[in-house]
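Undergrad: The structure's right below; bear with me while I get my questions together.
Numbering (the numbering used here), first residue to last: 3 to 208.
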């Protein structure tokens, strides 16, 4: 494996922060869990995981080809990732009190509907698109990666959000009322924004 454990752990930390940022997937998971329990929510989490696989694979393979042609692009991507994280963090803090909007397609009953909703949620989520296509390449030197590296990146991209979503779905009955309160959402957004800015600052230093 050519990528370092430090880069992989920093990437995992970024994924955790991104997961902890409230969004439509949170509401969809909670709505499905409240209406049908864990059995209704896990298909959505699985659909999100499939979307994570697709986005991370497209990002890694697509950017790798570009880097094979334009070597200097690697340095540019690292600074782009740095800037994107800092901007995302600042915007999150600025709009910390904004309510989460949801998509009715994400809360339709049924296992298959839940699975499709998860794919829709991740493939149509601007935050996910921005992260995988604009930020992921900034964590790793993709010029000489192997299939083991690709598997490690994709595995991390899937496992971290999937575990988080499953835990959220399992605990939703207890924490739903707490995490949807405006003041709680505001605190979570501010902390997540600060953490995103910190990751953005750390990227060029590692």
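By construction, the Cβ of each residue, glycine as well, lies at the ideal position given by its N, Cα and C atoms.
As the structure is a prediction and not an experimental result, all values here were calculated from the model.
Which term fits residue 64, buried or exposed, when burial requires 16 or more other beta carbons within 10 angstroms of its beta carbon?
TA: Classification of residue 64: exposed, given that the 10 Å Cβ count is below 16.
Undergrad: So residue 92 and residue 199 are supposed to be a Cβ contact under 8 Å. How far apart are they, rounded?
TA: The Cβ separation is near 7 Å, so the contact holds.
Undergrad: Looking at the unbroken alpha helix (DSSP H) that takes in residue 133, where does it start and where does it end?
TA: Here residue 133 belongs to no alpha helix (DSSP H), and DSSP marks it neither H nor E.
Undergrad: Could you tell me how far apart the beta carbons of residue 163 and residue 17 are, in whole angstroms, since I believe they sit closer than 8 Å?
TA: At roughly 6 Å, the Cβ-Cβ gap stays under 8 Å, so residue 163 and residue 17 are in contact.
Undergrad: Skipping 5 residues on each side, what residues in its chain have a beta carbon closer than 7 Å to that of residue 168?
TA: Cβ neighbours of residue 168 beyond the five flanking positions: 44, 47.
Undergrad: To the nearest angstrom, how far is the alpha carbon of residue 55 from that of residue 7?
TA: If you take the alpha carbons of residue 55 and residue 7, they lie about 20 Å apart.
Undergrad: Which residue's Cα is closest to the Cα of residue 187: 170, 98, 130?
TA: Minimum Cα distance to residue 187 is reached at 98.
Undergrad: When we look at the beta-carbon of residue 153 and count the other beta-carbons within 10 Å, is it buried (16 or more) or exposed?
TA: Exposed: under 16 other Cβ atoms inside 10 Å.
Undergrad: Looking at residue 62 and residue 1, is the spacing between their C-beta atoms short of 9 Å?
TA: Within the shown structure, residues of the chain are numbered from 3 to 208, placing residue 1 beyond reach of any answer.
Undergrad: Relative to the C-alpha of residue 136, which residue among 165, 89, 115, 150 is closest?
TA: Ranking 165, 89, 115, 150 by Cα distance to residue 136 puts 89 first.
Undergrad: Residue 166 and residue 120 look like a contact to me (Cβ under 8 Å); what is the Cβ gap, rounded to whole Å?
TA: 13 Å between Cβ atoms; not a contact.
Undergrad: Between residue 28 and residue 170, what straight-line distance do the alpha-carbon atoms span, to the nearest angstrom?
TA: The straight-line gap from Cα to Cα measures roughly 8 Å.
Undergrad: Out of 134, 174, 192, 173, which has the shortest C-alpha to C-alpha gap to residue 158?
TA: Out of 134, 174, 192, 173, 134 has the C-alpha closest to the C-alpha of residue 158.
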